[in-house]
Amino acid sequence: MTRIPALVIAVLAATGVAAVPAATPAAASTLPACHAADVAVHYRATDSGAGHRYGRIVMRNISSHACRSGGFGGLSYVGGGDGTQIGAAADRVGSWQAFTLQPGQRAYSPVDEVVAQNYPKATCRPASVDGFRVYIPNATRSKFVVHATTGCRNTAVHLLSHKAFRRF
1 MTRIPALVIA VLAATGVAAV PAATPAAAST LPACHAADVA VHYRATDSGA
51 GHRYGRIVMR NISSHACRSG GFGGLSYVGG GDGTQIGAAA DRVGSWQAFT
101 LQPGQRAYSP VDEVVAQNYP KATCRPASVD GFRVYIPNAT RSKFVVHATT
151 GCRNTAVHLL SHKAFRRF
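Take 1 as the starting number for the sequence shown in full-length UniProt numbering and just add one per residue.
And the structure:
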């Protein structure tokens with residue numbers, strides 16, 4: 001327990017301010033981080049318009065234990081039938097918060113895809129995409145998610161952006 005000096009208590013009591021020791025996130029810190037083996041990952045399209053397609057990468061805890069997560073994962077297009085990255089990795093948008101994912105619970109990362117055909121062929125250098133390479137937050141092993149589309153080989157063209165994972 002945190003000890004508060006008597007002088008501080010006297011000053012706080014005289015001003016009517018209560019002092020409460022800061023809580024430690026002991027329970028959260030004892031949970032293991034979610035790893036790629038703990039989750040199943042898939043993509044769900046949600047909407048489209050004005051040269052964009054919207055969807056979400058969804059991860060579901062398939063393990064028998066709770067794990068902690070939160071933040072940005074990694075997201076990129078891959079193709080060539082061998083996992084070769086196509087174009088630039090996704091830009092990260094917004095802020096994030098940590099959360100606990102219980103067995104069976106899901107979290108998602110909203111995705112915005114710009115349609116490659118919005119760019120001239122010479123700029124884009126179109127390439128067939130087999131799907132996404134997805135890293136969940138803080139993981140070092142990726143997951144492959146089928147998502148056939150067209151990407152741009154030019155890494156200066158940023159077709160993908162996504163927000164941090166959050167629980168449903």
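A virtual CB, placed ideally from N, CA and C, is assigned to each residue, including glycine.
This structure is a prediction, so every number in the text was calculated from the model and none was measured.
Handout entry: CA nearest to the CA of Lys121, picked from Thr150, Arg106, Tyr135, Val134
Key = Nearest Cα to Lys121 within the set Thr150, Arg106, Tyr135, Val134: Thr150.
Practice task
Please state if the CB of Val111 and the CB of Ala56 are separated by a distance shorter than 8 Å.
Solution key: Reading off the sequence, residue 56 comes out as Arg, not Ala. Cβ atoms of Arg56 and Val111: closer than 8 Å.
Practice task
Within 10 angstroms of the Cβ of Phe144, are there 16 or more other Cβ atoms? Answer buried if so, exposed if not.
Solution key: Exposed, because fewer than 16 other Cβ atoms sit within 10 Å of the Cβ of Phe144.
Exercise for the section: Would you kindly report the start and end of the unbroken alpha helix (DSSP H) that includes Thr123? Expected result: In this chain, the alpha helix (DSSP H) harbouring Thr123 covers 121-124.
Problem - Residues near His147 in its chain [Cβ-Cβ closer than 6 Å; skip 5 each side] - result: Around His147: Tyr43, Gly131, Phe132.
Practice task
Measure the beta-carbon distance from Leu101 to Asn61 and round it to whole angstroms, keeping in mind my assumption that it falls under 8 Å.
Solution key: About 4 Å; that satisfies the 8 Å criterion.
Handout entry: Coil, strand or helix - Gln117 by DSSP
Key = Residue state, collapsed to three classes: helix.
Practice task
Can you give me the Cβ contacts of Val78 inside the same chain, cut-off strictly under 8 Å, excluding the 5 residues immediately before and after it?
Solution key: Within the same chain, Val78 has close Cβ partners Thr84, Gln85, Ile86, Val129, Asp130, Gly131, Phe132, Arg133, Phe144.
Handout entry: Cβ shell of Gln97 (< 8 Å), same chain only, five flanking positions each side left out
Key = Closer than 8 Å at the Cβ level, and outside the excluded window around Gln97, lie Gly70, Ala164, Arg166.
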